[in-house]
Structures are given as structure tokens and as C-alpha cells.
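Chains as they are written, first to last, in the numbering used here: chain A, 10 to 194; chain B, 826 to 952. By construction, the Cβ of each residue, glycine as well, lies at the ideal position given by its N, Cα and C atoms. Notes follow the structure.
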């Protein structure tokens, strides 16, 4: 994976497989503390202790089409390579919480990448059935995007329509630009 | 450029309402971009994104795009499956943005399978 936004897209696809109806992605950039945190929470079916103990093994997967997993272990590795840590908690029947931290200016920290593309790719595939909340905070400036709010406004028009997706992508990009500007002040 | 506010969405909603209803009904074609770990690592997200943009520009209101997980053929990712109503599905492999664009023009719009990018054309030769 070239950047962290691709890792995020990969991990939230797990939430889809786990039958989640809400997925929350939070990215926190604490520049002063030199820390980057990525949190992903879902309300999917979760995992028991036995499975949880195995998910970071790259050769573990619940898929039947191939015999290796890779997704979670690659994000954990990306965090560790950038002086950070990785934590996963899960409760069967309730959901899964993932937290990856990185040293923000670590030379091996992958760039965040294009989060607008990631959120929109998720909406194209799963946006009708699954709600997504995306928060991105840079020091004190925060951008929040929620598909539930968008759907209310759409009043029955499908959220994965190409025109809507194009709008949302630009909306997210603008929001992220804005918090970058504000955090610099 | 003026920043897009979420309130501006209402205008687009009203503009697309008619075709959006059509989309929910019966689509003529469905394109599924495979988005497993392998697909994403190989570039599936850019393919999805540019495909959607092409469909928007060409106003192909009877084509729907969705995603799926890993299909088990990770070494041939990025992959996409094209289904035209009433025709057998076709799996395309080793995709790039340009190949996907050709497939859109040739297979989805004109109805001719892009053989050179398909996984297999006929599976076995017996003579």
C-alpha cells in the first residue's frame, strides 16, 4: 500500500464483511505532539478472543477464496515502521475498534494520501447500506463528514450517483484544505 | 474556486433526481470493481474513481458501478466484472485506468467484449 488512505479503505472493507451498519473513521494529526492517530470503529459482528489473537498474523484470513489475510497486519506494520503502535479491540456482537498511531514526522511514516478518494470509493460500494462518519482533526481544526446527514438532504436520491460522488469528493477535499489552512494559523 | 458547502447538494439532488430513480430501477449494465486488499494495493481505487468520472461525464444513466472483495485471483488484480443484462458476465484482469476506459467505450457502450483484456475467452480448446 502506497499511503495510509489505501490502508484505511482496505480496513473499512473488513467492516462491510462484518455486517456493520456504521463505520467511523477518525484521523487526528497532533502536530505539536508529533503524533498521527488513525481510528476505525464499526458496529459489525466483532471477533472473539481466539480470532483476535490471530488477525495480525499475515497468514490468517476468514476468506475462503484465498488463504492469506494481510490487511490488518500491513497496517500494523506501517504503524510500527513509523515509530508507532497498533491496537485492536473487538467484542462479539458489538463491533471492532482499531487504533494505529504514528510518529508524524517519522521518515518512514507513509503519507496520508487521498482520504476523499477513500471515503468516496467506500460510498460507491457500500454507501447505500452503511453509514460512514469521517472526522479529521489537525491540531484544533476539525472537519466532520457524515453520510447520514448527506442522505437526509438527498431525500431518497441514491448517494452513490456519479454526480453526487463528484460533489462529495470535492466537498471533502475542500474541508481538508480548510483545516490545513486553519491549523497553520 | 468557491468552496462547496454541503447545502449546495440540494441543487445537484434536484438535477439528478430523475436519472437516480432510473438507476435504482433496472440498469442495463453493472460494473463491479474488485476491492480486496490485493485489488486496492494494485490500484483498484484509481480505476473506480476514473470509471465513475467517465460515466458521469458521458451521462451513462443506465450503468451502475459497485465494488466487491477479493475474488481469489490476486496476481491478476486490478480486476473488474462487467455484466450486461441478459449476457454472461465478463471478468477483466490486469487493469489500468486506460484499459478500463477502453472497456467502457467498447463493451459497455458499444456491446463488444474487449477480448484482449478479458481473463479468458473460452476456457478450453478441444481440437
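Own chain partners of residue i with C-beta closer than 7 Å, once the 5 adjacent residues on each side are dropped
i, result
"residue 157/A", "140"
"residue 80/A", "19, 20 and 23"
"residue 131/A", "18, 21 and 141"
"residue 83/A", "10 and 16"
"residue 861/B", "894 and 895"
Under the three-state DSSP convention, the category residue i falls into
i, result
"residue 945/B", "coil"
"residue 107/A", "strand"
"residue 151/A", "strand"
"residue 79/A", "coil"
"residue 186/A", "helix"
"residue 117/A", "coil"
"residue 881/B", "helix"
"residue 18/A", "helix"
"residue 45/A", "strand"
CB contact flag (residue i, residue j, <8 Å)
i, j, result
"residue 90/A", "residue 837/B", "no"
"residue 16/A", "residue 62/A", "no"
"residue 853/B", "residue 937/B", "no"
"residue 181/A", "residue 121/A", "no"
"residue 929/B", "residue 879/B", "yes"
"residue 889/B", "residue 925/B", "no"
Integer-rounded CB distance, given that residue j should sit under 8 Å from residue i
i, j, result
"residue 145/A", "residue 124/A", "7 Å"
"residue 119/A", "residue 13/A", "5 Å"
"residue 892/B", "residue 855/B", "Not quite, the Cβ-Cβ distance comes to about 11 Å (not below 8 Å), so this is no contact."
"residue 53/A", "residue 105/A", "6 Å"
"residue 167/A", "residue 834/B", "Their Cβ separation, rounded to whole angstroms, is 13 Å, which puts residue 167/A and residue 834/B out of contact at 8 Å."
"residue 46/A", "residue 37/A", "4 Å"
Nonlocal neighbours in the same chain, by C-beta distance under 6 Å from residue i, ignoring five residues either side
i, result
"residue 92/A", "112 and 115"
"residue 843/B", "none"
"residue 906/B", "857, 914 and 916"
Neighbourhood of residue i by C-beta distance below 8 Å, restricted to the same chain and skipping five residues each side
i, result
"residue 138/A", "30"
"residue 55/A", "27, 99, 100, 101, 102, 103, 104 and 105"
(message) I want to know whether the region 95-104 of chain A touches the region 35-43 of chain A - three or more CB-CB distances under 8 Å.
(response) Flag = no, the region 95-104 of chain A and the region 35-43 of chain A do not touch.
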